[in-house]
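Notes for the one structure printed next.
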Amino acid sequence: DIQMTQSPASLSASLGETVSIECLASEGISNSLAWYQQKPGKSPQLLIYGASSLQDGVPSRFSGSGSGTQYSLKISGMQPEDEGVYYCQQGYKYPYTFGAGTKLELK
Amino acid sequence: EVQLQQSGAELVKPGASVKLSCKTSGYTFSNYYMSWLKQMPGQNIEWIGNIYGGNGGTGYNQKFKGKATLTVDKSSSTAYMDLSSLTSEDSAVYFCARLQLRSYWYFDFWGPGTMVTVSS
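First to last, the sequence lines map onto chains A and B. The opening residue of the first sequence carries number 1 in our numbering; numbering runs sequentially from there. The opening residue of the second sequence carries number 108 in our numbering; numbering runs sequentially from there.
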């Protein structure tokens, strides 16, 4: 199985601060990488697919980049509603696998 | 508007089985795969398997073979997941999610989840 390693496990950001979350795949996944946001008691919501394509309706402060085995999610200007847990997911090979999550809090 | 409605919370005894449902609307059910995923409290998300709405073709995570069985009812645009021989390790929230392909596979719409508690 492809292992997805996310870092950091948690972080705290001030209002307006730019934050980055990293995701490392155990093998190349050819940009088949999605990012999700999950809030307590809710289902995950898609933010980014194909490593860098923004899902419809997602604010433009979210962006994704990367290639090969290394990918990142950037939030340009932290907002209160961005608090939650962020997961990366590879859709390159069965079984699809997720990172362990990054908990983002407002400082 | 794409919507996925999941069945209500379940409290089941060890060794029993449970059938979860995911009723869809707002898109052509037979044109997409539906996935099921598991999330234990405070834990990571695990992909269980996919089922194609058009012909019921399935793909499973090896870890869940024998535990989960996926089916569909095209007439009602509903996907189902049977979980068998339940243990405490099966206590979790189970999500259905539509699998999308735009050059890459990802889950674009999710149901709210069904909590399954296995307890005597």
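Every residue gets a Cβ at the ideal spot worked out from N, C-alpha and C, and that includes glycine. As the structure is a computational prediction, the values presented were derived from the model and not from experiment.
Inset, instruction - Have a look at A:A13, A:E27, A:L33 and flag the residue whose alpha-carbon is nearest the alpha-carbon of B:W212. - result: A:L33
Legend entry - Where the segment 150-162 of chain B meets chain A: residues whose CB sits under 8 Å from a CB there: N151, I152, E153, W154
Inset, instruction - For chain B, find out if any of its Cβ atoms is closer than 7 Å to the Cβ of A:F98; answer yes or no. - result: yes
Legend entry - Boundaries (first-last residue) of the beta strand (DSSP E) holding B:N157: 152-159
Inset, instruction - Can you pull the chain A residues whose beta carbon is under 8 Å from the beta carbon of B:S210, in chain order? - result: G50
Legend entry - Of the listed residues B:S184, B:M222, B:S128, nearest to B:V109 (C-alpha basis): B:S184
Inset, instruction - Express the C-alpha separation of B:P121 and B:G160 in angstroms, rounding to a whole number. - result: 31 Å
Inset, instruction - Quick one: grab the DSSP three-state call for B:V145. - result: As written in the sequence, residue 145 of chain B is Lys, which differs from the Val given in the question. It is a strand residue.
Inset, instruction - Assign A:G57 to buried or exposed, taking buried as 16 or more other Cβ atoms, counted over all protein chains shown, within 10 Å of its Cβ. - result: exposed
Inset, instruction - Buried or exposed for B:K230, please, with buried defined as at least 16 other CB atoms from any protein chain shown within 10 angstroms of its CB. - result: One cannot answer for residue 230 of chain B here, as it falls past the ends of chain B, which runs 108 to 227.
Inset, instruction - List the residues of chain B that A:S26 touches, going by C-beta distances under 7 Å, in chain order. - result: Going along chain B, no residue has its Cβ under 7 Å from A:S26, so there is no contact; the nearest lies around 15 Å.
Legend entry - chain A contact for B:P219 (CB, 7 Å cutoff): yes
Inset, instruction - In angstroms with no decimal places, state the Cα-to-Cα distance between B:M188 and B:T221. - result: 11 Å
Legend entry - Inter-residue Cα distance where the pair is A:G101 and A:T5: 9 Å
Legend entry - Short Cβ contact (7 Å threshold) for B:L177 with B:T165: yes
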